Amino acid sequence: QEEECGESGVYKEMELLILLLFFGVSLSDGFNVDVSNPEKFSGNKEEFFGYRVLQYQSDEMKRIIVSAPLGTNSSGALFSCTVEKNNCSSFYQPDSRAIRYFGMSMTVGTSPSSTLTSCSPSFTREFNGNSFLNGICYQFNGRLKMITNITAAFQECKDTKVNLVFLFDGSSSMTTEDFNKNKDFIWNVMTTLKNTTIEFAAVQFSTTFRTVFTFKDYVSGSAKKRLYEEVHMKALTNTHRAVRFTLDNLFNNEESGADPEATKALVIITDGAPSDLDSNNVIQRCEEQNIARFVIGVGSRVKLEKMEKFASEPKENNVFMINNYAGLNGLLDKLQYKIYGMEGTRGMLFRKELSQSGFSAASDKDSLILGAVGSNHWAGNLYEVTGSETSISEMEIQDLNLNNDSYNGYSVVVGQRGRDSLVFSGAPRSNYRGQVTLFRKSAGKWEAISNIAGEQIGSYFGGSVCVLDLDSDNNTDFLVVGAPLYYQPHPQREGRVYIYRLTPQLELEKDFEISESAQGRFGMTLAAVADLNGDHVKDLAVGAPLEDEQKGAVYIYLGNREHGIRSKYSQRIVASSLDTQLQHFGLAIDGVMDLGQDGLIDIAVGAQGTVLLLRTRPVVSVSAKLSFSPSEISLNHFDCLGSSENVIPIFYLRTCFSMAEDTKSKGGVRSGLNLSLELRADAVREDSRAFFNKEDKTSRSLVKSVLLDSEFSCYNQTVYMPSCVKDMVSPVLFRLNFSQFDHQPDSSNAILNIDSKTTALVE
Numbered sequence: 001q002e003e004e005c006g007e008s009g010v011y012k013e014m015e016l017l018i019l020l021l022f023f024g025v026s027l028s029d030g031f032n033v034d035v036s037n038p039e040k041f042s043g044n045k046e047e048f049f050g051y052r053v054l055q056y057q058s059d060e061m062k063r064i065i066v067s068a069p070l071g072t073n074s075s076g077a078l079f080s081c082t083v084e085k086n087n088c089s090s091f092y093q094p095d096s097r098a099i100r101y102f103g104m105s106m107t108v109g110t111s112p113s114s115t116l117t118s119c120s121p122s123f124t125r126e127f128n129g130n131s132f133l134n135g136i137c138y139q140f141n142g143r144l145k146m147i148t149n150i151t152a153a154f155q156e157c158k159d160t161k162v163n164l165v166f167l168f169d170g171s172s173s174m175t176t177e178d179f180n181k182n183k184d185f186i187w188n189v190m191t192t193l194k195n196t197t198i199e200f201a202a203v204q205f206s207t208t209f210r211t212v213f214t215f216k217d218y219v220s221g222s223a224k225k226r227l228y229e230e231v232h233m234k235a236l237t238n239t240h241r242a243v244r245f246t247l248d249n250l251f252n253n254e255e256s257g258a259d260p261e262a263t264k265a266l267v268i269i270t271d272g273a274p275s276d277l278d279s280n281n282v283i284q285r286c287e288e289q290n291i292a293r294f295v296i297g298v299g300s301r302v303k304l305e306k307m308e309k310f311a312s313e314p315k316e317n318n319v320f321m322i323n324n325y326a327g328l329n330g331l332l333d334k335l336q337y338k339i340y341g342m343e344g345t346r347g348m349l350f351r352k353e354l355s356q357s358g359f360s361a362a363s364d365k366d367s368l369i370l371g372a373v374g375s376n377h378w379a380g381n382l383y384e385v386t387g388s389e390t391s392i393s394e395m396e397i398q399d400l401n402l403n404n405d406s407y408n409g410y411s412v413v414v415g416q417r418g419r420d421s422l423v424f425s426g427a428p429r430s431n432y433r434g435q436v437t438l439f440r441k442s443a444g445k446w447e448a449i450s451n452i453a454g455e456q457i458g459s460y461f462g463g464s465v466c467v468l469d470l471d472s473d474n475n476t477d478f479l480v481v482g483a484p485l486y487y488q489p490h491p492q493r494e495g496r497v498y499i500y501r502l503t504p505q506l507e508l509e510k511d512f513e514i515s516e517s518a519q520g521r522f523g524m525t526l527a528a529v530a531d532l533n534g535d536h537v538k539d540l541a542v543g544a545p546l547e548d549e550q551k552g553a554v555y556i557y558l559g560n561r562e563h564g565i566r567s568k569y570s571q572r573i574v575a576s577s578l579d580t581q582l583q584h585f586g587l588a589i590d591g592v593m594d595l596g597q598d599g600l601i602d603i604a605v606g607a608q609g610t611v612l613l614l615r616t617r618p619v620v621s622v623s624a625k626l627s628f629s630p631s632e633i634s635l636n637h638f639d640c641l642g643s644s645e646n647v648i649p650i651f652y653l654r655t656c657f658s659m660a661e662d663t664k665s666k667g668g669v670r671s672g673l674n675l676s677l678e679l680r681a682d683a684v685r686e687d688s689r690a691f692f693n694k695e696d697k698t699s700r701s702l703v704k705s706v707l708l709d710s711e712f713s714c715y716n717q718t719v720y721m722p723s724c725v726k727d728m729v730s731p732v733l734f735r736l737n738f739s740q741f742d743h744q745p746d747s748s749n750a751i752l753n754i755d756s757k758t759t760a761l762v763e
């Protein structure tokens, strides 16, 4: 089974995780997905049973795998649902309270291994008072026995030190009260971060400089006493020379207790501009030593442009301006956040600490591709995992051009073009508009070769991705991208789906886009489904789980070799017509195999607390041919010299239908196909010369239903004409229009192919 689509969810109750009608209505909104009697699998609604669904086949049997990521007190659970018994049973629940939302992503490897992988992007570990939020995936064999676990983008808990120096102003411009507030602020930061690997030192500066306490003093426990005994200097503000003093006497002096391997940070607190110049290039020295620098400017005398040069890049994020020293406590949380981000990372904020690998997942041949949205300060990343349970390795797949908070890896799908392995990854918050990046594996390494950006701010472009291999030749033809929050006011629409052609040069060219539902999150779910209508082209299912007051809907689009899919859906399946209690129908979709032994594709659709299995029906093509018997009208029938006009039967109109099944059902077409047809005589003339009722000369149209119960069916109809016809030169044209009749025999299972030519002419 080829993993062809990637999606993820956006629901209020699960912020961390992402954060048709019945048979008998007009066929314009329905095709061959049978909605009259769906098979239902029920689970706990509060546990979000149905969040992900996956049709799964192993040597053992075929089944539906269902996740409930809020099950077991939000640890998550997986269920196996068997069609024959119509029941579901839980087969795995994580046994660790540190694991939450297991089952948020699922994927299955290609045959013959059929390895099932399911992930939790929320594997929490506490270390030195800090929480690391990584991911963990479990793999299962064909008997659904857990065989291994994978922790890609995993941040090891290491005692990597941070050496942090407070360089605080002791000039004469501040009062004794403000000087003491400075001390209180420093001690509050130290107290809050006491259970970490951060070691502190402090320097007071004015005209001269003095070490208040060293890193050794902090470790020995004497720092507080030394801090509060420190005397206010009350002179000038020689900031540059004070930084030089700090470098020489603390950071670069092991006698002070400094660790050469530690991450270094400097916090400058001042209420005035520097009185000296940077004659010794101390700012450059700080850069060369990779010292993270934060500046707190107090009062109106501090000029922002004078202090920015002391701060690290991005300067606007590392300079804090407050009105007075009383505002220091308000900065406590912000500064702690900055300092915490450095602990164990050697200055790079949150590289893997909050990676959340497994937020999305896809299988590619013998490897596993995992999305890690929290990597690199939430710029996001992908990881390729290879190997067996005894030896697993991982390779980073990174787009270096993405900004922080892009969420790359929110969705992921694999593709193929010739010998090239491809990965498409969604980053729905990139530049606020969203982005999808195409990666190619070359010489054993992944590289980003192109990207496409969304149109609208906040549309979540890339929130879902899907590829179409239309003819199943293992070459990706089209990419489908969902932007479920795209808003269109007139007519009102929420959600948009984009179709991109993959060129031979591996470039993505937009073909067209579609929008359907209002307030439905159309495109939140995308699924390439197997050929539904027998045209040997794969099709597409699109979920809109919030449509119709959050009941949900699924749209079916038939595949098209030229444009990927047809621009108009062939069927709209509304949750309320299936079960009035359904919510979020279309949250998950998978339709790649026959689960019912009838040779036809079945579609599993997830809703909150329910999974529905929708069967498909055989599709038949019907062609019609009209003929006359006899083939020509004899003029001997007509006489305009007689005293009276008679109505006489002139010929038989023979209507023949040929019927052939396009799909490959095992049971064949049962009970035939009921057609509604209309025959119109002399169709191009205003006044007809022919009619179907001997007693009614206006009966130029005949409407009836016929049952096609064999491959070839013919019906005869007598055609009448008056004995006197003035125009005996121009031909008499008959037109046939037919469609599938709304009411079919109870046992009938066939559906008329919407591509059938439903018109025939004869003259």
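To convert, note that position 619 of the sequence shown is 619 in UniProt numbering; the numbers rise steadily by one, no gaps. The beta carbon of each residue, even a glycine, is placed where N, CA and C say it ideally should be. The structure presented is a predicted model; accordingly, all values stated were derived computationally and were not measured.
Endpoints, the beta strand (DSSP E) within which K62 is located: Where K62 is concerned, the enclosing beta strand (DSSP E) starts and stops at 62 to 68.
Sub-8 Å separation of A544 and G599 beta-carbons: no
6 Å Cβ shell around A660 - same chain, five flanking residues per side excluded: S621
Beta bridge counterpart(s) of M146 as assigned by DSSP: F140
Nearest neighbour of N381, chosen from K757, R419, T437, T390 [CA to CA]: T437
Boundaries of the alpha helix (DSSP H) in which V219 is found, first to last residue: 215 to 220
C-beta atoms of A242 and V162 nearer than 8 Å: With respect to V162, A242 sits apart: the two C-beta atoms are not nearer than 8 Å.
N-terminal and C-terminal residue of the alpha helix (DSSP H) that L578 is part of: L578 -> alpha helix (DSSP H) spans 575 to 578.
Touching by the beta-carbon criterion (3+ pairs, under 8 Å), the segment 628 to 637 and the segment 58 to 74: The segment 628 to 637, when compared against the segment 58 to 74, does not touch it at the 8 Å Cβ threshold.
Buried versus exposed, by CB contacts within 10 Å (16 or more), Y56: Counting Cβ neighbours within 10 Å, Y56 comes out buried, since at least 16 surround it.
Among F166, M395, V203, G103, the one whose alpha carbon lies nearest that of F154: M395
Spatial distance of G591 from P491 (CA atoms): 31 Å
C-alpha gap between S131 and A98, whole angstroms: Distance between the alpha carbons of S131 and A98 is about 11 Å.
CA-to-CA distance, R433 to residue 816, given in whole angstroms: The structure shown does not extend to residue 816, since the chain is modelled only from 1 to 763, so the question has no answer here.
Counted within 10 angstroms of its Cβ, other Cβ atoms place G463 as buried (16 or more) or exposed: buried
CB of T663 within 8 Å of CB of V706, strictly: no
Buried versus exposed, by CB contacts within 10 Å (16 or more), N301: As written in the sequence, residue 301 is Arg, which differs from the Asn given in the question. With fewer than 16 other Cβ atoms within 10 Å, it is exposed.
Pairwise C-alpha distance: Q93 and Q581: 27 Å
Residues near F79 by beta carbon distance below 6 Å, same chain, minus five either side: V66, C88, S90
Range of the contiguous beta strand (DSSP E) that encloses G371: 367 to 372
Stretch pair the segment 606 to 614 + the segment 643 to 652: three plus CB contacts closer than 8 Å: no
Euclidean distance between Cα positions of P731 and E763: Cα-Cα distance, rounded: 6 Å.
Boundaries of the beta strand (DSSP E) in which V189 is found, first to last residue: Taken as a continuous stretch (DSSP letters only), V189 belongs to no beta strand (DSSP E), being part of the alpha helix (DSSP H) at 176 to 192.
For Q435, the residue or residues it bridges with in DSSP: Its beta-bridge partners are A427, A453.
Best match in G559, N674, L733, Q550 for proximity to L626 [C-alpha to C-alpha]: L733
Beta-carbon spacing of residue 771, V385 below 8 Å: With the chain running from 1 to 763 in the structure shown, residue 771 is simply not present.
Through-space distance from G668 to D420, alpha-carbon basis: 40 Å
Neighbourhood of K303 by C-beta distance below 6 Å, restricted to the same chain and skipping five residues each side: A273
Helix, strand or coil at G43 according to DSSP, with G and I counted as helix: coil
Three-state class that DSSP yields for K625 in the structure shown: Note: K625 maps to strand in three-state DSSP.
Element boundaries [alpha helix (DSSP H), containing K306]: 304 to 307
Every unbroken beta strand (DSSP E) inside the UniProt repeat "FG-GAP" (510 to 566) [3 residues or more]: 525 to 529, 539 to 544, 553 to 557
Residues bridged to F31 [DSSP beta-bridge criterion]: None; F31 has no bridge partner.
Bridge partner(s) assigned by DSSP for L393: Here residue 393 is Ser; the residue named in the question, Leu, does not match the sequence. Looking at the DSSP output, S393 shares a beta bridge with T386.
The beta strand (DSSP E) enclosing I499, as first and last residue numbers: 493 to 502
Three-state secondary structure (DSSP) of K161: Coil.
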